[in-house]
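Structure representation (structure tokens):
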């Protein structure tokens with residue numbers, strides 16, 4: 182039970198004779214150690230390393246790692262946690278050291294994006310906000326090639342960003358930038374039926390883009406999908422979607438070249454009181470074919486067998502436009518007549534009588 186030091190023993194026999202001896206009890210130097218460790222670069226990894234360098238005691242040394250179970254001076258492949266190594270020298274002397282292997286917080290990210298407002302545009306934006314890991318971070322966008330946290334000027338498609346932290350740990354996120362379908366439209370119109378009217382109608386039916394739509398008609402000023410009360414001319418409508426995308430269409434509202442009209446050639450009654458007058462009617466303007474209404478159920482274009490008088494016809498074209506034409510058939514003011522002044526024969530058997538005739542009336 183001696184500790185290190187010098188000890189003397191004196192032996193005395195029965196005759197009081199003595200003998201002395203000296204002992205020096207030694208001990209090895211104390212076991213001591215320096216330690217080093219490599220923490221985990223990327224959260225969730227198993228790249229930790231712990232090393233113990235032992236001096237003192239009596240070599241050789243044995244090592245027992247817990248809980249990893251290693252038996253060397255260096256333990257590798259460690260995940261985050263606490264590890265203990267017990268070193269035992271040749272004399273069964275022991276030394277214990279504890280290591281705490283750390284790891285960074287996991288790389289994580291929130292993302293946001295702005296999709297394309299108008300079909301065919303390049304206004305998409307994708308942003309990644311990274312936390313965790315070990316700053317600073319670098320960014321690599323594919324296929325756009327950006328190197329910032331935000332990628333701009335994107336067209337529709339799929340984009341991938343890879344974030345790499347200072348420890349070369351990576352995180353990948355994918356964005357799908359969308360766009361609305363293209364604005365498209367079908368149109369219809371109703372042209373003016375009667376020259377000079379304001380019955381034109383223009384309609385646009387819009388699909389695609391992002392509803393609701395607004396409408397601006399020029400020069401009529403309408404704000405609906407249908408513009409009414411239009412006179413002949415050219416009209417433009419601009420449709421704007423909820424995203425500010427626009428589509429323009431132009432309408433040309435037409436009208437018949439001229440109004441419905443009619444000219445007449447009148448054949449007057451030859452003899453007072455007769456019914457041999459005629460009206461030859463020639464319609465024009467508007468849109469053929471035409472219908473005619475003289476009244477009394479008469480619907481022919483021309484009239485014959487007419488007595489003197491004024492006749493009215495309503496001409497109606499294919500669009501329902503009308504014109505009223507008047508024609509007057511005349512006759513001689515009075516019938517043909519004659520008056521006579523008679524000079525009788527003066528002497529019987531003579532031939533000196535005379536008749537003086539004065540015609541009147543007729544033509």
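In the working numbering, the protein residues as written are 182 to 544.
Just so it is clear, CB atoms sit at the ideal spot from N, CA and C, and this is done for glycine as well.
Option nearest residue i by Cα separation, candidates the options
i           : options            : result
residue 534 : 521, 540, 542      : 521
residue 462 : 492, 477, 438      : 492
residue 514 : 304, 455, 481, 322 : 455
residue 523 : 361, 538, 262      : 538
residue 507 : 333, 269, 445, 525 : 445
residue 388 : 364, 317, 397, 406 : 364
residue 324 : 340, 315, 312, 495 : 340
residue 226 : 283, 236, 267, 192 : 283
residue 280 : 467, 401, 261, 415 : 261
Beta-carbon proximity check, residue i vs residue j, cutoff 9 Å
i           : j           : result
residue 243 : residue 251 : no
residue 359 : residue 296 : yes
residue 422 : residue 392 : yes
residue 224 : residue 288 : yes
residue 464 : residue 447 : no
residue 263 : residue 234 : no
DSSP three-state assignment for residue i, whether helix, strand or coil
i           : result
residue 248 : coil
residue 360 : coil
residue 526 : coil
residue 397 : strand
residue 322 : strand
residue 365 : strand
residue 501 : coil
residue 420 : strand
residue 408 : strand
residue 297 : coil
Beta-carbon contacts of residue i that lie in its chain and below 8 Å, excluding the five residues immediately before and after
i           : result
residue 206 : 183, 184, 185, 186, 187, 188
residue 439 : 376, 465, 466, 467
Own chain, CB closer than 6 Å to residue i, minus 5 neighbours either side, in chain order
i           : result
residue 345 : 319, 351
residue 239 : 209, 270, 271, 272
residue 332 : 307, 322, 325
residue 527 : 533
Residue(s) in a DSSP beta bridge with residue i
i           : result
residue 263 : 281
residue 444 : 463
residue 340 : 356
residue 492 : 508
residue 289 : 312
residue 192 : 200
residue 370 : 383
Other residues of its chain near residue i: CB distance less than 7 Å, five sequence neighbours each side excluded
i           : result
residue 253 : 244
residue 367 : 386
residue 374 : 380, 500, 501, 502
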